[in-house]
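**Q**
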Amino acid sequence: MNPQSSVAQPQIQKKFHNNRVLNFYAGPGALPLPVLERVHAELFNFKGTGMSVMELSHRSQEIQDIIDDSAERIKRLMSLDDQFEIIFLQGGGSLQFLMVPMNFSQPGEEIDYIDTGYWAGKAIRAAQSLGRDLKIIASSSDCNYTYVPDLNQIHPRPGAKFIHLCSNNTVVGTQFHSFPAFTIPVVADMSSDFMSKPIDVSNLSVIYAHAQKNVGLAGTTIVLIRREMLTKIYDNLPEFLDYRTHIKSKSNYHTPPCFSIYITWQILRWIEEDIGGLKQLEKINEKKASLLYNFIDATPLFHCAIAPASRSQMNVVFTLPNESLEKQFIYETSQAGIIGVAGHRIRGGCRASLYNGVTLEAVETLIEFMDEFAKQHSF
Ligand SMILES: Cc1ncc(COP(=O)(O)O)c(C=O)c1O
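Its first residue numbered 1200, the sequence shown is counted upward by one per residue in my numbering.
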C-alpha cells in the first residue's frame, strides 16, 4: 500500500551490503552475516563429508557432535555448572507451554503463573487446558501490559509446583531484568531474550527458548533443566513428552531438526569466537536499545508507552500520533530497505526487534531514518 505521501520521502536509500535489507522482524528475524557466510561456504560439503548438513544422517557422528558441542557452548557461555541438562527439542515455545506443566505437575495440582500479556497468556491457556489448579499470582493487565510486575512483591502459593513467567514479552515489548529467589521453582520462557546477555540463573530451575529470535532458526527449542527438577517429573507421561527421554538420548530420540540445530551451533560459535561472549554481546545489545529508546523519548513524533524499568532490550515498541502516519512510516521504511517495523497485529503501532543478528549500524540507520521522518512530519 502506498499512502501517497504529500511530503518528500526521507532520502535514505537502499545502500546495504549485497542488496540485503535491514531486518527488524520480531522472529524469525535477522541472522548474523558472518554466520550466513560460513553456512554458505560449507553448504555443499560439510567438514569433508561430501554432503551438506541437511543430507547427513541424524545418527552420524557429525550431527551428534554438533548437538553435544552446542550444549557445551551454551554451558560455557552462560557459565552453567553441571547442574543443568540441556536439550534441543521441536514444537517451538508453544509445545513447552504444555510440556512444562505436564512434566512438573499433575491434574488438580497448584501451579502459579505471572501474566505479562500475549505470550504469557498463551502459556496460561495451554496449562489451563490440562486441568491444573492454575493461579495468576501477578498481572500487568491493569495497565494494558505496559510494565512487568515487581517480582519482589509476589507471593507464590507454598504448595504450588512452580512459577511460570515470560522473561521478555516479544509482542508488548516488556522484559524482566532480574530474577529474585522464590521458595518454589521458577520456569522462564526466554524465547525472545535467550543468549542476548549473561543472566544469573541461580534462581531459575527451567529455561526454555525457541531458537528463531537470537540463536537460530525455527525448528529447534532449547530447554535447560536443573538436575534436581528431574526427580519431580511424573512417571505416567507419554515417552515423547517426558524431558528425561530426550536427556537420555542426547536430543536424538527421534529425528532432530539437524539443520536448525546446526545454525544454532554456528551462532553459538559466533557469540563465543567472534563477539567474545555474552558480556560483549550484552554491551552491543544495550547500546542498540538505549540509542533507540533515547531517540524515541527525545522525539515528540514517537512515543514508547512501556514503563522505562520494564522496557525490553529486544523488542522496542512505539507509536506515532495516528494510525495513518504509522502506516506511512512503515511503508516508507520498507521503501528504504528497513523491514519489519510494523507492530504485532493485536497491538498495532510499530516495533523494532533488536536481536543478536541486528547490527549497531542497522539501528543507527533506522534512527537516522526516523529522525528525517520526524523532521518532515513535525507539527
Ligand atoms: C516469548 C515467546 N514465547 C513463545 C512463543 C511461541 O513460540 P513458537 O512460535 O516457537 O511456538 C513466542 C513466539 O514468538 C514468543 O515470542
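Positions of the beta carbon are idealized from the N, C-alpha and C atoms, including for glycine.
Fair warning: this is a prediction, and the values are worked out from it, not measured in the lab.
Examine the Cβ distances between the segment 1226-1245 and the segment 1460-1469 and report whether three or more of them are shorter than 8 Å.
**A** yes
**Q** Is serine 1278 closer than 8 Å to asparagine 1367 when the C-beta atoms are compared?
**A** no
**Q** Please list, in chain order, all residues of the same chain as histidine 1409 whose beta carbon is under 6 Å from its beta carbon, the five residues on each side excluded.
**A** Here the set comprises Gly1291, Gly1292, Ser1390 and Thr1420.
**Q** Assess, as a yes-or-no matter, whether the segment 1322-1335 is touched by the segment 1447-1456 under the definition of 3 or more beta carbon pairs within less than 8 Å.
**A** no
**Q** Any heavy atom of ligand 1 closer than 7 Å to the CB of asparagine 1367?
**A** For asparagine 1367, the distance from the CB to the nearest heavy atom of ligand 1 is below 7 Å.
**Q** Going by C-alpha to C-alpha distance, which of Asn1521, Glu1563 and Leu1288 sits closest to glycine 1418?
**A** Leu1288
**Q** From the DSSP output, which residues share a beta bridge with valine 1405?
**A** DSSP lists Val1386 and Ile1424 as partners of valine 1405.
**Q** In three-state DSSP terms, what is serine 1489?
**A** The three-state secondary structure of serine 1489, taken from DSSP, is helix.
**Q** Any heavy atom of ligand 1 closer than 7 Å to the CB of aspartate 1388?
**A** yes
**Q** Can you name the start and end residues of the alpha helix (DSSP H) that cysteine 1457 belongs to?
**A** 1457-1468
**Q** By alpha-carbon positions, which one of Val1422, Gly1226 and Ser1552 ends up nearest to glycine 1372?
**A** Ser1552
**Q** Give me the DSSP bridge partner(s) of alanine 1541.
**A** Cys1549
**Q** If we count the other Cβ atoms within 10 Å of its Cβ and call it buried at 16 or more, is tyrosine 1407 buried or exposed?
**A** buried
**Q** Is it the case that the segment 1324-1342 contacts the segment 1298-1313, given that we only count it when at least three CB pairs across the two stretches are under 8 Å?
**A** yes
**Q** Do you know offhand how far methionine 1301's Cα is from leucine 1440's?
**A** 8 Å
**Q** Have a look at alanine 1488 and leucine 1480 and give me their C-alpha separation to the nearest angstrom.
**A** 12 Å
**Q** Give the single residue among Ser1251, Asp1281 and Glu1522 whose Cα lies nearest to the Cα of serine 1401.
**A** Asp1281
**Q** At a cut-off of 7 Å, would you count tryptophan 1318 as near ligand 1, judging by its Cβ distance to the nearest heavy atom?
**A** yes
**Q** Can you give the beta carbon distance from glycine 1265 to tyrosine 1461, rounded, assuming they're within the 8 Å contact cut?
**A** The sequence given here places isoleucine at residue 1265; glycine does not occur at that position. Yes, isoleucine 1265 and tyrosine 1461 are in contact; Cβ-Cβ is about 5 Å, under 8 Å.
**Q** Cα separation between isoleucine 1286 and glutamine 1534?
**A** 41 Å
**Q** If you follow the alpha helix (DSSP H) that alanine 1573 is in, where does it begin and where does it stop?
**A** It spans 1559-1576 - the alpha helix (DSSP H) in which alanine 1573 sits, taken as one unbroken run.
**Q** Just checking, does the segment 1494-1512 make contact with the segment 1565-1575 on the three C-beta pairs under 8 Å criterion?
**A** A contact exists between the segment 1494-1512 and the segment 1565-1575.
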